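Engineer: Mind having a look at this structure? Questions to follow.
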Amino acid sequence: MTETPLIGSYPAGPADAPLNGARIGVVTFPGTLDDRDAARAVRVSGATAVELWHGDSSLGGVDAVIIPGGFSYGDYLRAGAISRFAPLMAEIVKAADSDAKLPVLGICNGFQILTEAHLLPGSMIKNERLLFLCRDQALRVENNATAWTNAYAAGQDITVPLKNQDGQYIADEKTLDALEAEGRVAFRYVGGNPNGSRRDIAGIANAAGNVVGLMPHPEHAVEAGYGPGHTGTDGRGFFTSVLNTLLGGK
Numbered sequence: 001m002t003e004t005p006l007i008g009s010y011p012a013g014p015a016d017a018p019l020n021g022a023r024i025g026v027v028t029f030p031g032t033l034d035d036r037d038a039a040r041a042v043r044v045s046g047a048t049a050v051e052l053w054h055g056d057s058s059l060g061g062v063d064a065v066i067i068p069g070g071f072s073y074g075d076y077l078r079a080g081a082i083s084r085f086a087p088l089m090a091e092i093v094k095a096a097d098s099d100a101k102l103p104v105l106g107i108c109n110g111f112q113i114l115t116e117a118h119l120l121p122g123s124m125i126k127n128e129r130l131l132f133l134c135r136d137q138a139l140r141v142e143n144n145a146t147a148w149t150n151a152y153a154a155g156q157d158i159t160v161p162l163k164n165q166d167g168q169y170i171a172d173e174k175t176l177d178a179l180e181a182e183g184r185v186a187f188r189y190v191g192g193n194p195n196g197s198r199r200d201i202a203g204i205a206n207a208a209g210n211v212v213g214l215m216p217h218p219e220h221a222v223e224a225g226y227g228p229g230h231t232g233t234d235g236r237g238f239f240t241s242v243l244n245t246l247l248g249g250k
């Protein structure tokens with residue numbers, strides 16, 4: 001199948017660039033919708049996207065993993081509740097918690113899966129007004145020291161698409177206070193809280209900074225002509241950030 005040509009000047013790195021060898025896995029569950037978008041964002045940013053199936057028992061030696069958005073298993077029970085038991089999730093949890101600290105990004109349903117797998121604290125419930133939301137959303141980068149945010153400036157405002165119905169992030173006050181004190185709030189909603197998330201939290205990180213989850217969709221804002229306002233490419237920083245991390249580790 002021939003892919004749609006890129007709009008804008010975003011060529012991959014030269015063949016001899018160190019980043020050219022980076023392999024980023026993109027996981028597909030039954031009901032995943034945005035795996036191809038995430039894979040394209042990886043390629044646009046200069047790395048190799050590797051397809052990973054939820055039933056796999058091996059990560060295939062990838063350098064990082066993205067758990068994309070969608071409605072895995074139809075969001076039965078709770079969003080992400082069934083997916084956390086997939087064979088591949090056991091390998092992702094093990095690799096993320098290992099000394100190697102595999103970088104893992106969970107987007108929307110992927111964020112929900114990360115909380116269900118206890119790689120990130122808290123939980124996701126229905127949006128405050130019980131409506132599905134789809135819009136361009138402003139975010140503030142609160143922590144730019146993670147594997148997925150280091151290409152941004154601390155305090156930078158970015159705009160990426162938002163689309164969810166179970167997007168309200170909740171946690172008890174002790175957990176929220178710890179996230180704030182430890183600088184683990186990665187992104188906060190700007191210009192109004194769209195779903196009622198506690199303390200306007202749009203995304204968080206684990207203590208090591210290798211695992212990040214957020215509700216909005218950076219993979220939909222990596223190419224001029226397709227992103228917010230038909231020009232927005234603010235989401236590309238997620239994917240160049242992890243390449244910065246991988247390059248620094250080589």
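When we follow our numbering, the leftmost residue of the sequence shown carries the number 1, and every step to the right adds one. Beta carbons are placed, not taken as given, at the ideal position from N, Cα and C, and that holds for glycine. On a predicted model such as this, the values are computed, not experimentally measured, just so you know.
1) Whose C-beta lies closer than 6 Å to the C-beta of Arg140 among residues of the same chain, with five residues either side of it excluded?
2) If you draw a straight line from the C-alpha of Leu243 to the C-alpha of Ala22, how long is it?
3) Just how far apart, CA to CA, sit Ala39 and Ser58?
4) Pick from Arg236, Tyr73, Phe85: whose alpha carbon is nearest that of Pro161?
5) Would Leu119 and Val50 qualify as a contact pair, given that the criterion is a beta-carbon distance under 8 Å?
6) Grab the span of the alpha helix (DSSP H) containing Pro103 for me, first residue to last.
7) Could you check how far apart the C-beta atoms of Gly183 and Asn143 are, in whole angstroms? I think they sit under 8 Å.
8) Quick one: grab the DSSP three-state call for Met215.
9) Name the residue from Cys108, Glu219, Leu114 whose alpha carbon lies nearest to the alpha carbon of Leu133.
10) Under DSSP, the beta strand (DSSP E) around Thr48 begins and ends at which residues?
11) Under 8 Å: do the stretch 196–207 and the stretch 116–130 share three or more Cβ pairs, one atom per stretch?
12) Check this for me: beta carbons of Gly25 and Gly60, under 8 Å apart or not?
13) Where DSSP assigns a beta bridge to Val27, which residues make up the other side?
14) Gly8 by DSSP, collapsed to three states: which one?
Structural biologist: With the structure as the only source:
1) Contacts found: Asp157, Arg188, Val190.
2) 7 Å
3) 19 Å
4) Arg236
5) no
6) Per DSSP, Pro103 belongs to no alpha helix (DSSP H) and is neither H nor E.
7) 5 Å
8) coil
9) Cys108
10) 48–53
11) yes
12) Their beta carbons are under 8 Å apart, which means Gly25 touches Gly60 by this criterion.
13) Leu52
14) Its pLDDT being 37, under 50, Gly8 is placed unreliably in this model, and the value from its coordinates should be taken loosely. In this structure, Gly8 counts as coil in the three-state DSSP scheme.
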